[in-house]
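Chains A and B, in that order, are what the protein sequence lines are. Note that the first sequence covers residues 55 to 638 in the working numbering. Note that the second sequence covers residues 198 to 521 in the working numbering. Encoded as structure tokens, the structure appears first; notes follow it.
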Amino acid sequence: MKPSILLLIYLSLAIGGAAGIVYYQSTLPDTEQMNNDVSQKLLSIDGLNASVGELALRSRHHIDNNYDNLTRTTALLEQSLVSLEQRYFNPEQLKDPMLLRNFELLNKEIMIQNDLIESFKSHNSVLRNSVRYAPAAGQNLMQIAREAKLIEAEGLYAQVVRELLEYALLGSSLSEEKLKIALPKLAEIETALPEFAQIAHLEFTRHVKTVLDEKALTDQYLSKALLTTSSSKIQGLSQAWNQWIMQQSSQAARLDQWVMAYIAFLLVGLGFIAWKLRSLYLHLDHEVAVQTAEVQKAFDDLKESESKLVQSEKMASLGQMVAGVAHEINTPLGYISSNVDTIRLNMGELDGILQSVDMISQEISQSKPNTKKIGNIVKRMVHVYRSMRQRETLSEIEDLLQDSSYGLSEISDLVSSLKDFSRLDRTSVLDTDLHQGLDATLKICSSLIGQRQVIKTYGQNIPLIECMPAQLNQVFMNIITNSAQATADDGVIEIITRATDQGVEIEFSDNGSGMSESTIKQIFDPFFTTKEVGEGTGLGMSISYKIIKSHGGDIEVNSLLNQGTQVTVKLPLKQSQASLSVIK
Amino acid sequence: MFLLNAGFTDRQVLAGLLFVSLGCAKATEPTFITPIPQHMAVDEAKAKLGKTLFFDKRLSTDNSISCATCHDLNGAFGADGQQFSSGVNGLQGTRNSPTVFNAVFNFKQFWDGRAHDLVEQARGPVTNPVEMGMATWTEVVRKLADDSQYVEAFQQIYGQGINEDLIVDAIAEYEKQLITPNSPFDQFLNGDESAITAKQKKGYELFKAYGCVSCHQGKNVGGNMFQKMGVLKDINLQSGSLNEDLGRYEVTKNEWDKRVFKVPSLRLAVKTAPYFHDGSVKTIEEAVDIMIEFQLGRTVPKDDRSSIIAFLESLVGEIPEGVL
Chain A
55 MKPSILLLIY LSLAIGGAAG IVYYQSTLPD TEQMNNDVSQ KLLSIDGLNA
105 SVGELALRSR HHIDNNYDNL TRTTALLEQS LVSLEQRYFN PEQLKDPMLL
155 RNFELLNKEI MIQNDLIESF KSHNSVLRNS VRYAPAAGQN LMQIAREAKL
205 IEAEGLYAQV VRELLEYALL GSSLSEEKLK IALPKLAEIE TALPEFAQIA
255 HLEFTRHVKT VLDEKALTDQ YLSKALLTTS SSKIQGLSQA WNQWIMQQSS
305 QAARLDQWVM AYIAFLLVGL GFIAWKLRSL YLHLDHEVAV QTAEVQKAFD
355 DLKESESKLV QSEKMASLGQ MVAGVAHEIN TPLGYISSNV DTIRLNMGEL
405 DGILQSVDMI SQEISQSKPN TKKIGNIVKR MVHVYRSMRQ RETLSEIEDL
455 LQDSSYGLSE ISDLVSSLKD FSRLDRTSVL DTDLHQGLDA TLKICSSLIG
505 QRQVIKTYGQ NIPLIECMPA QLNQVFMNII TNSAQATADD GVIEIITRAT
555 DQGVEIEFSD NGSGMSESTI KQIFDPFFTT KEVGEGTGLG MSISYKIIKS
605 HGGDIEVNSL LNQGTQVTVK LPLKQSQASL SVIK
Chain B
198 MFLLNAGFTD RQVLAGLLFV SLGCAKATEP TFITPIPQHM AVDEAKAKLG
248 KTLFFDKRLS TDNSISCATC HDLNGAFGAD GQQFSSGVNG LQGTRNSPTV
298 FNAVFNFKQF WDGRAHDLVE QARGPVTNPV EMGMATWTEV VRKLADDSQY
348 VEAFQQIYGQ GINEDLIVDA IAEYEKQLIT PNSPFDQFLN GDESAITAKQ
398 KKGYELFKAY GCVSCHQGKN VGGNMFQKMG VLKDINLQSG SLNEDLGRYE
448 VTKNEWDKRV FKVPSLRLAV KTAPYFHDGS VKTIEEAVDI MIEFQLGRTV
498 PKDDRSSIIA FLESLVGEIP EGVL
């Protein structure tokens, strides 16, 4: 599998893992804060619940004479439960059915308890009213009975009041029984009462009945309310809550484990990636080294072949030069050789004359010179001389010698130019007269130039230029050769030199075939040539460009197709230190 | 928790009970009724918004009824003087509009106590077909949201857009301010003996003696418990219609809750005729008679009744400045 796919899978797992942990954590409540809050609320509910009981008892026993406190407390209790439910114990937030059930049980219990308290309040009020009123009404009736001499009735009222108080205040069941027995008796005495007292009697009876009924009901509701298991339900909820919190903590601990596992996974993954990267880099280093070596080799090869090419260009130039020079030397050599031959022929006749002189000298030195013999010798000698004079042999010899002498001076000139051109004797940077170099180059190229007209417009006061003359001559020869090759046999090549602010400018122009735009663009590219295969290396102008640039100069080419070409070489007077090192 | 466990002996408790029940307590006058506070702490901004809502008829379907229509704060002491209030399209309810004043002190709201508090209460009438008649709260919210001032106010005060909960919360916040402190009787309770007349003082004694105070107690003189209509005399014997409404039974379906109602506050009783859950009783005299007869199993002479009514008049407090 590709490393990138592996990395992608790893990243997906890392992100997925992080998301999972974050999600899991988000599902976990902030247990500590929650626990504090819920515990506190449960505690307060427990307290309120206890207060409800206490306050109900206070009302029952008339320590409290209004229900405000009791009512406020039951309301608070309900509110606490509602807020607890909204905040924590609603099925949307809390997924624990056990806990929810416990809360529901408590809630229900509190509701039942509060309903019982409400009923208690209602009945307690009624009871209280009757317990309060009945004794007074009874005493009133006792008075009436006494006045009406109804002793039995008076006694009954007194008994009922006593039993009623005992029952109401002490809750004695004996009194309750007695009251229940007395009630029918009360109904019996009603008719014996004076008419005006009958309503009071009925009211009294009703209140006694009310006390009997309401006390039972009031106490029943109160004891039921007090005996509700709300307190244990609160404890149940507390326990369930603690259990749940512990469970949550263990879940949190589990989360911690997951986080550790996740971190371990990340570390392993990172280690793997690091290892992978390291081996990748090692491999890359190796690859790079191999590539570098290859490039170095290619570069070296290229350099070598470049220097070979430069060398071959030099050799080609040299060959060309040698060819030109040979031709130049050949011509005077030819006629000098023929002159010498002619002179050697004429020297035979001169030799005859000189032999005759020798014979005359021998005859004269004889004791008796043979005059006739001498005369014959002189006659033959004069004849030869006259014949020679007649044929102008002697002046011809003179002419031939003069001619030969000229030829030899020509050769000498050429050799001198060759020396000037190559400057083989001088390899250092010198202050050079460019005209000398140009002339020498023209001389060497004279065979190539042939009949083409060369117009030299050399400027006045052209300063000496600091340069390597041999290199510049090579440039000049390249340009002149190109011009000669580009022009017709009767073409014109013009060379203008002029001094500029920066140095010297040399302008070579011809009326040759010129170049197209695209050719001009490529003219300095190595191996670019428009010549026939074998005629040029394609390096001439490239090398020229290099030479001029290394001299801190510039070379420009302007050309119009079929109109001619103008090459301008600009050279500075002095070389910079950097250029000097490059040139050398 | 238990009183008996809290340091009291049986004998001490019995002595205390006797002491109180026989009405011998002179030095320590039992506190049946307590004064209401001078003012209620509210969130002013919410209360101000709630006030605007309280008077806004756009809370009703035909823009004819606001809370203040049936709870007239200016002329009728937070009620409307009608037996049954007229809702949208002239429809009438079946119970008398209680006063909104001092409602904050009631332990539950509505005659049958079906709402726990003012907030819960405020949800009711808006979508009640015979009251304000809005189809849904969504519609109410949409209607109010047309008013850019509301949108801005809710956003500013609650930091969120208009919704049902916020509307009723604001209204309830305003209603908390609607109290009537400084009544002569409260001043009397606070120690100013001269705040009430001798007749009113006598009326108070009678109020206790007849047992009215058994139920009408606490700071609201009622409003903190339920009671059955006709505990000492069958309400069916009443000549009017008081027996018809089953009251809390309609909410709980508990047999014992038949004809059980919230005991109303008497603080503004003399100002908020007609009386009882169905508004069938027109005068305070008649109401006092019925109460003493059916709830207390007594009859009341005219003199006593008139003193009691005089006492009830001393319960009428002042409407705090700046709430209307």
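Yeah, the Cβ is synthetic: ideal placement off N, Cα and C, and Gly gets one too.
Query, Result
"Under the three-state reduction of DSSP, which class applies to V508 of chain A: helix, strand or coil?", "strand"
"Skipping 5 residues on each side, what residues in its chain have a beta carbon closer than 7 Å to that of K405 of chain B?", "F229"
"I'd like to know whether the C-beta of C221 of chain B is nearer than 8 Å to at least one C-beta of chain A.", "In this predicted model, C221 of chain B has a pLDDT of only 43, less than 50, meaning its place in the structure is not dependable; the value taken from the coordinates is given anyway. So no, C221 of chain B is outside the interface."
"Which word fits F508 of chain B, buried or exposed, when buried means at least 16 other C-beta atoms lie within 10 angstroms of its C-beta?", "buried"
"Hey, is the stretch 383 to 390 of chain A in contact with the stretch 452 to 466 of chain A, meaning 3+ C-beta pairs nearer than 8 Å?", "yes"
"According to DSSP, is A203 of chain B part of a helix, a strand, or is it coil?", "With a pLDDT of only 42 at A203 of chain B, under the threshold of 50, the placement of this residue in the model should not be trusted; the figure read from the coordinates follows. Looking at A203 of chain B - three-state DSSP - the assignment turns out to be coil, as it is neither helix nor strand."
"Check the Cβ-Cβ distances between L429 of chain B and every residue of chain A, and say whether any is below 8 Å.", "yes"
"Give the DSSP-derived three-state secondary structure of A553 of chain A in the structure shown.", "strand"
"Since G568 of chain A and L614 of chain A are thought to touch, with beta carbons under 8 Å apart, how far apart are those beta carbons, to the nearest angstrom?", "5 Å"
"Using a Cβ-Cβ distance cut-off of 8 Å, determine whether E172 of chain A contacts chain B.", "yes"
"Check the C-beta distance from E317 of chain B over to G290 of chain B and give it rounded, since I have them as a contact under 8 Å.", "In fact, because the Cβ distance is near 18 Å, the residues do not count as touching under 8 Å."
"Are the stretch 296 to 314 of chain B and the stretch 326 to 340 of chain B touching by the rule of at least three beta carbon pairs closer than 8 Å?", "no"
"Once you ignore the five residues that flank S229 of chain A on each side, which residues in its own chain have a CB closer than 7 Å to its CB?", "E217, E220, Y221"
"Who are the near neighbours of Q279 of chain B in its chain, counting only those whose CB is closer than 6 Å to its CB and skipping five residues on each side?", "none"
"Give a yes or no on whether 8 Å exceeds the smallest Cβ distance from W453 of chain B to chain A.", "yes"
"Whole angstroms is fine: what's the gap from R434 of chain A's alpha carbon to D457 of chain A's?", "31 Å"
"Name, please, each residue of chain A whose Cβ falls closer than 7 Å to the Cβ of P227 of chain B.", "N119"
"Give the straight-line distance between the Cα atoms of L266 of chain A and F143 of chain A, rounded to the nearest whole angstrom.", "44 Å"
"Residues in the stretch 246 to 263 of chain A with C-beta within 8 Å of chain B's C-beta atoms, listed in sequence order?", "I253, E257, R260, H261"
"Rounded to whole angstroms, what is the Cα-Cα separation between P626 of chain A and E348 of chain A?", "40 Å"
"Give the straight-line distance between the Cα atoms of L61 of chain A and G323 of chain A, rounded to the nearest whole angstrom.", "9 Å"
"Would you verify that the beta carbon of R155 of chain A is, or is not, closer than 8 Å to some beta carbon of chain B?", "no"
"Go through the stretch 174 to 214 of chain A residue by residue and report every complete run of the alpha helix (DSSP H) that reaches 4 residues or more, in order.", "none"
"At a Cβ threshold of 8 Å, is T231 of chain B touching chain A?", "yes"
"Give me the Cα-Cα distance between N260 of chain B and V338 of chain B, rounded to the nearest whole angstrom.", "14 Å"
"Quick one: is Y407 of chain B buried, meaning 16 or more other Cβ sit within 10 Å of its Cβ, or exposed?", "buried"
"Could you confirm whether any beta carbon from chain B is found closer than 8 Å to the beta carbon of N144 of chain A?", "no"
"Return no unless some Cβ of chain A is closer than 8 Å to the Cβ of S462 of chain B.", "no"
"Just verifying my parser: in three-state terms, what is the DSSP assignment at G461 of chain A?", "helix"
"Counting only beta-carbon separations shorter than 8 Å, does T258 of chain B have a partner in chain A?", "no"
"Between T496 of chain B and chain A, is there a C-beta pair that is closer than 8 Å?", "yes"
"Return helix, strand or coil for P626 of chain A, following the three-state DSSP convention.", "strand"
"Output the residue ranges of the beta strand (DSSP E) runs that lie fully inside the stretch 562 to 615 of chain A and measure 3 residues or longer, sorted by chain position.", "608 to 614"
"Based on the DSSP output, what are the partners of D485 of chain A in its beta bridges?", "A:E520"
"Out of B:E447, B:N286, B:K459, B:L429, point me to the one whose CA is closest to L181 of chain A's CA.", "B:L429"
"DSSP three-state call for E268 of chain A: helix, strand or coil?", "helix"
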